[in-house]
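What follows is one structure encoded as structure tokens, with my remarks underneath.
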Amino acid sequence: MKTVAMPRAPRAFTLVELLVVIAIIGVLVGLLLPAVQAAREAARRCACLNNTTQIGLALHNHEFHTGHFPAGVTNPGGPIRNEAVGQHVSWTVQILPYMEQHALAGLFDQSAGVYAEKNDKLRRMRITVLRCPSSPDPFPQDDTGIGPIQASSYAGCHNSIEAPIDAGNDGLLFLNSRIRFDDIYDGSSNTLLVSERVFQHSPNENELPDLGWASGTRATLRNTGRIEQTSIRNNVGVVVQEETDKKDPLYVGGFGAYHPGVAVVGMADGSTRALSYNINPETLHRLGSRADGEIPDSNW
0 MKTVAMPRAP RAFTLVELLV VIAIIGVLVG LLLPAVQAAR EAARRCACLN NTTQIGLALH
60 NHEFHTGHFP AGVTNPGGPI RNEAVGQHVS WTVQILPYME QHALAGLFDQ SAGVYAEKND
120 KLRRMRITVL RCPSSPDPFP QDDTGIGPIQ ASSYAGCHNS IEAPIDAGND GLLFLNSRIR
180 FDDIYDGSSN TLLVSERVFQ HSPNENELPD LGWASGTRAT LRNTGRIEQT SIRNNVGVVV
240 QEETDKKDPL YVGGFGAYHP GVAVVGMADG STRALSYNIN PETLHRLGSR ADGEIPDSNW
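As numbered in numbering that gives the first Met the number 0, residues 0 to 299 make up the sequence shown, in order.
Structure (structure tokens):
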């Protein structure tokens, strides 16, 4: 009599095998995650570089049409204080027509001053080119229901060292300035025009509030006195190694960014580069001055 073999039941995974597979998948995901984050940051940095290029082009178009770069800030007198008092029309407002923002430029009443009621809603409008994708969104600064005052991720260079924003600064964008290319004695490729900055994201009793992209204060002007390094904690930018009391309304501060190790900068010749946090301080100062007669080290 022929014996018929009974089919064997399929063998199931044991608990140990399942745990090993899960562990392997976890290790692979752990190895892949930094690469994904690095790719995302590379894309954000590329977008930031494009923003800086567009801002540089707008500044150059302004110079081409008017014969000079826009004033870093327009105000009857100085030094400029980081307070919502005065005219304080920033260079960002003056280049709006050159950033395809003709409607916004036409609505903005510069003669009334940045903080006038008629300009309030305009200051709350977010301009994409003025925001780095790596910077976290600011927390609402009020409860008006129409959104917070919008900050800019980019600032013009007003001076080579820490000093109040005034008419005697040695950068390219300062109080009532009218700088031409002929005034850049050190050469446009050796002079910093605009760069990223770190801005306040939530109310802080140790720091005066950020007055937004339209204000010609430390909100849109910085100097090459130092690099402000940051860390991201709970989606909030925190300045580290800070030594200066930011409650001083005359304090301006340096450039900085949310990219690891570097900040994107735009030079006066229209080029865009990465500025290392480890740059020699003396080289940094020279980049901020338009006519100090010194040529900065090219390997920065």
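Each residue gets a CB set at the ideal place from its N, CA and C atoms; glycine is no exception.
Fair warning: this is a prediction, and the values are worked out from it, not measured in the lab.
Query: Opening and closing residue of the alpha helix (DSSP H) in which ARG39 lies; Result: 14-65
Query: Buried/exposed call for SER270, threshold 16 Cβ in 10 Å; Result: exposed
Query: Cβ-based burial, HIS101 [other Cβ within 10 Å; buried from 16]; Result: exposed
Query: Beta-carbon spacing of GLY265, ILE164 below 8 Å; Result: no
Query: Beta-carbon proximity check, GLU227 vs VAL197, cutoff 8 Å; Result: yes
Query: Span of the beta strand (DSSP E), counted from its first residue to its last, around HIS157; Result: 153-158
Query: Contiguous alpha helix (DSSP H) assignments of at least 4 residues, all confined to the stretch 67-153; Result: 90-93, 101-106 and 119-122
Query: Residues near ALA267 in its chain [Cβ-Cβ closer than 7 Å; skip 5 each side]; Result: LEU171, ILE183, SER187, THR190 and LEU192
Query: CB contact flag (ASN81, ARG217, <8 Å); Result: yes
Query: C-alpha gap between VAL84 and ARG122, whole angstroms; Result: 15 Å
Query: Limits of the beta strand (DSSP E) - the one that ALA282 falls within; Result: Correcting the residue type first, residue 282 is Thr in the shown sequence and not Ala. First-last for THR282: 280-287, but that is the alpha helix (DSSP H), not the beta strand (DSSP E).
Query: Residue nearest to ASP291 in terms of C-alpha spacing, selected from ASP181, PHE254, ASP185 and ASN298; Result: ASP185
Query: Secondary structure of ASN189, DSSP reduced to three states; Result: helix
Query: Per-residue DSSP class, three states only, for PHE254; Result: strand
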